[in-house]
Structure formats: C-alpha cells, structure tokens
Amino acid sequence: MKRLTTLALIVGLCTVAGLFLSSGLDDVAAALVSAGWGAAIVVVVRAVAVGWAGLGWFAVFPRADRPGLWNCVSLRFVREGINTLLPVATVGGDFVGARLLAQRGVSGGLAGASMFVDLMTQAVTQFLFTVGGVALLAWLHGDGPVVRTVAGGLAIAAPALGAFFLIQRRSGHRVIQAMLNRFAAAREWRALGAVDVLYDGLRRLYSSPKRVIGAMGVHMIGWIIGAAEVYVALHFMGYPVTVAEAIVIESLAQAVRGAAFAVPGALGAQEGGLIALCAIFGIPAEAALALSLVKRLADLMVGVPGLVAWHFMEGKKDAPDMEDRTSPAPVSMEQGTVKAGGDIARAVSLDAMPVSRVPANLVGNHTVLRSMESDMGTLRKCA
Numbered sequence: 001m002k003r004l005t006t007l008a009l010i011v012g013l014c015t016v017a018g019l020f021l022s023s024g025l026d027d028v029a030a031a032l033v034s035a036g037w038g039a040a041i042v043v044v045v046r047a048v049a050v051g052w053a054g055l056g057w058f059a060v061f062p063r064a065d066r067p068g069l070w071n072c073v074s075l076r077f078v079r080e081g082i083n084t085l086l087p088v089a090t091v092g093g094d095f096v097g098a099r100l101l102a103q104r105g106v107s108g109g110l111a112g113a114s115m116f117v118d119l120m121t122q123a124v125t126q127f128l129f130t131v132g133g134v135a136l137l138a139w140l141h142g143d144g145p146v147v148r149t150v151a152g153g154l155a156i157a158a159p160a161l162g163a164f165f166l167i168q169r170r171s172g173h174r175v176i177q178a179m180l181n182r183f184a185a186a187r188e189w190r191a192l193g194a195v196d197v198l199y200d201g202l203r204r205l206y207s208s209p210k211r212v213i214g215a216m217g218v219h220m221i222g223w224i225i226g227a228a229e230v231y232v233a234l235h236f237m238g239y240p241v242t243v244a245e246a247i248v249i250e251s252l253a254q255a256v257r258g259a260a261f262a263v264p265g266a267l268g269a270q271e272g273g274l275i276a277l278c279a280i281f282g283i284p285a286e287a288a289l290a291l292s293l294v295k296r297l298a299d300l301m302v303g304v305p306g307l308v309a310w311h312f313m314e315g316k317k318d319a320p321d322m323e324d325r326t327s328p329a330p331v332s333m334e335q336g337t338v339k340a341g342g343d344i345a346r347a348v349s350l351d352a353m354p355v356s357r358v359p360a361n362l363v364g365n366h367t368v369l370r371s372m373e374s375d376m377g378t379l380r381k382c383a
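So the sequence shown is numbered by the UniProt record's numbering: it starts at 1 and just counts up by one.
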C-alpha cells in the first residue's frame, strides 16, 4: 500500500510540474499575485466550511448522548488536516476523529458509528451537489463531453454509494460477521464484540431519519459555502463568474478530488480538473492553476492547525497513561478483577478475563477503542 501511495504521489507531482511548465510559470505567478486579499478570504471561507461540517457531525447524535459542539468542530479540523496533508487515504483522519471523540466521553461504539453516518451524509450530499453542478452546466452550455463524462462517473458512483449504506445496515452486519467467523480465528470473540457494539450505534443513529436528514441539510449548505472559494478567488484575479458558474466549478472539482482519493492531496487531479472546468467558462489555464494554488494554500492554513491540535490532544492523552504506568495497581483476588485508576489497568483486566465473565457493554467499548488505537498507530507518528 505504501508503494502504491508513493507511486501515486510521484505521478501526481510530475503531472503538476508538467501543467505548470506548459502554462508558463510567470503567467501562473502573475495570476496568483493578482488574487491578493482574495486568497486570505478563501482561507476564511475554508475555515467556516470545515467548522460547519463539524456541526453536521454534531447533528447526527441523539440529544441524550450528544457531545459538546466544540468537540465535534475541533475534531473536524483534525480530520481535515490529516485527510488533506498526510499521505493517507482520505478517510484516515475520520478514524482518528472517532477515536479522539471516544476519549471525550462518547462510547466507543457510538463514536465509531457517528463517523460512518457522518461520512455517509457527506457522500450523499456531495453526490447531490455534483448532480446539481452537472444540471447547471447542461443548462448553461448544453450537452458536452464534460457533462457526459461526469454523468458516467455518477452512474458508477451511485451503486457504490448504495453499497456503502447497505453495509451499515443489518445485512452488512451479517456479512461482516460471516467474514470474521472465517478469518478472525482465536480472537473472533473480540472482533465480533466490537462489530456488535458498532452496529448497535449505527441502528441508534439511523433510527431517527429526522436527525440524518438534518445533518444532510447542514452538509449541503457546507458544499455551497465551499463554492464561495471559487467565486472570490476568480473575482479577485479579474475573471468574474456567476454564482451558478462557481457552483459548477466547485462541485465538479470536488468530484474529481473524490475520484482521485488514492493520490495524496489529489495532486495533479485537482489541477487538471480545474483547467478543464475553467476552460468551459473562458478562464485560461494559468488562472485555473492559480485558483488551485489558492485552494492548496487554504489546505495548509486550515490543515496545519488541525495537525498541531491533534499533536497536543495526543499529548494530553499520553500524560495520564505515563502516570498510570508508574503507580502500582492493587489486585483483589477474591473478586477476580483488577482495581486500577488508569486505562492500561482496565485494558489488562479485560484482556485477562474470559469472555464469559466480561460484561457485554465493556467488551464492546473496549474492543472498539483498542481496534481504533491499533489501526491508527501509524498515523499518530505523523503528528
């Protein structure tokens, strides 16, 4: 996987270099400078959009188990920083966000389930946003190769989106359990416990269509807010576009980024997509590349603080763990349990007990958190 990521990164960098050289570095630089304060406004717009996405995550929780809004918003910036700036798949930050949310009082199963529901609502609204962009493009310029190409991509994406939803329902639960029965071996009980708790959380969140639809409405507004980046940047560069044209460019550019999820930062894909889309509205390649650079500046200015916040969040978590390691854990042999103040002692006690003696709720939350910790271990080294 690392080799494929490295290869994709090399190809993306070569594509970007070729596009910039063919368009003229001086012309691109002049277009970028002309953006002026527009670049700063784009950064602000991006920060608003990311914070708004945190509100969409917050909206999926039932009122009784809802975390603080600030937790969802701040962790949404962490997710954004990891997904856009680190060489991982574009959902790596989402798993980190779920794990960090579980450390803030939300049960592990519910935190993991909320991450999947949030990804689902984002994916559905992005799909609808792209459909709207294609419809606007067809209305403005009629049928053309771009319309047909994107429509074909949407036809492929629709079944994949449906499968992602079904795998989160009861039928998906049975499929995953069958796979674990075949491959989990001696640790099967631990994996199945985690899956059971995760699907309990998914059932709770999907049991309220009102909350899910509300979250989708929030995310749809967020996608439209993102179109302001295109509108502002091109206006400052001297290429004014209408709101409808900005929505077309943003929606289809986001679709290109989503299709290139395997390439870190969608390098090359974003630049090539913006050149093709801007050309439809008479915007030259150098301005499209300058627009891409402004967007990547927003990636950095919003993503880096998220990574820094992640670093400090992990530091706060590790400090109590070190204290726990230095303090002895008294053991009560009569009760057969370990009485210790820290998370490590609790983890040891659960691992040492037979599954028949571990309460179901502790098994589920413990295994979900442990699986998140192990899966994200490599990502934490990047902070």
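Glycine residues also receive a C-beta, built at the ideal position from the N, C-alpha and C atoms. These figures come from a predicted structure and were not determined experimentally.
Within the continuous alpha helix (DSSP H) that includes residue i, where are the two ends?
i: residue 115; result: 108 to 141
i: residue 34; result: 25 to 35
i: residue 103; result: Segment: none, residue 103 is in no alpha helix (DSSP H) and carries neither H nor E.
i: residue 252; result: 243 to 259
In this structure, how does DSSP classify residue i when only helix, strand and coil are distinguished?
i: residue 270; result: helix
i: residue 301; result: helix
i: residue 391; result: No answer is possible for residue 391: the residues shown for the chain start at 1 and end at 383.
i: residue 11; result: helix
i: residue 66; result: coil
i: residue 207; result: coil
i: residue 282; result: coil
i: residue 231; result: helix
i: residue 158; result: helix
i: residue 263; result: coil
i: residue 199; result: helix
i: residue 86; result: coil
i: residue 237; result: coil
i: residue 60; result: coil
i: residue 306; result: helix
i: residue 144; result: coil
i: residue 341; result: In this prediction, residue 341 scores a pLDDT of 41, lower than 50, which makes its location untrustworthy; the coordinate-derived value is nonetheless stated afterwards. Of the three classes helix, strand and coil, the one that applies to residue 341 here is coil, per DSSP.
i: residue 45; result: helix
Between the Cα of residue i and the Cα atoms of the options, which residue gives the shortest distance?
i: residue 315; options: 37, 103, 19 and 13; result: 103
i: residue 15; options: 138, 210, 275 and 150; result: 275
i: residue 115; options: 129, 100 and 10; result: 100
i: residue 301; options: 204, 23 and 50; result: 50
i: residue 272; options: 261, 145, 80 and 256; result: 256
i: residue 57; options: 40, 69 and 132; result: 69
i: residue 38; options: 78, 236 and 94; result: 236
i: residue 47; options: 309, 312, 303 and 156; result: 303
i: residue 209; options: 119, 60, 34 and 218; result: 60
i: residue 32; options: 170, 147, 239 and 65; result: 239
i: residue 308; options: 79, 128, 122 and 17; result: 79
i: residue 34; options: 233, 24 and 165; result: 233
i: residue 283; options: 23, 260 and 262; result: 23
i: residue 146; options: 55, 52 and 253; result: 253
i: residue 299; options: 158, 3, 36 and 44; result: 44
i: residue 138; options: 83, 151 and 128; result: 151
i: residue 40; options: 311, 305 and 297; result: 297
i: residue 125; options: 141, 53, 92 and 245; result: 53
i: residue 202; options: 154, 217, 172 and 231; result: 172
i: residue 6; options: 310, 280 and 263; result: 263
i: residue 160; options: 66, 295, 120 and 9; result: 120
i: residue 141; options: 67, 245 and 113; result: 245
i: residue 250; options: 130, 4 and 87; result: 130
i: residue 36; options: 98, 13, 293 and 18; result: 293
i: residue 123; options: 134, 220, 83 and 136; result: 220
So, do the segment 226 to 244 and the segment 62 to 76 have three or more beta carbon pairs nearer to each other than 8 angstroms? no
Using 8 angstroms as the threshold, is the segment 107 to 123 in touch with the segment 192 to 205, meaning 3 or more CB pairs across them? yes
Contact the segment 23 to 34 vs the segment 281 to 293: 3+ CB pairs below 8 angstroms: Three or more Cβ pairs closer than 8 angstroms define a contact, and the segment 23 to 34 meets that threshold against the segment 281 to 293.
Is the segment 252 to 267 touching the segment 197 to 214 in the sense that three or more CB pairs, one from each, lie closer than 8 angstroms? no
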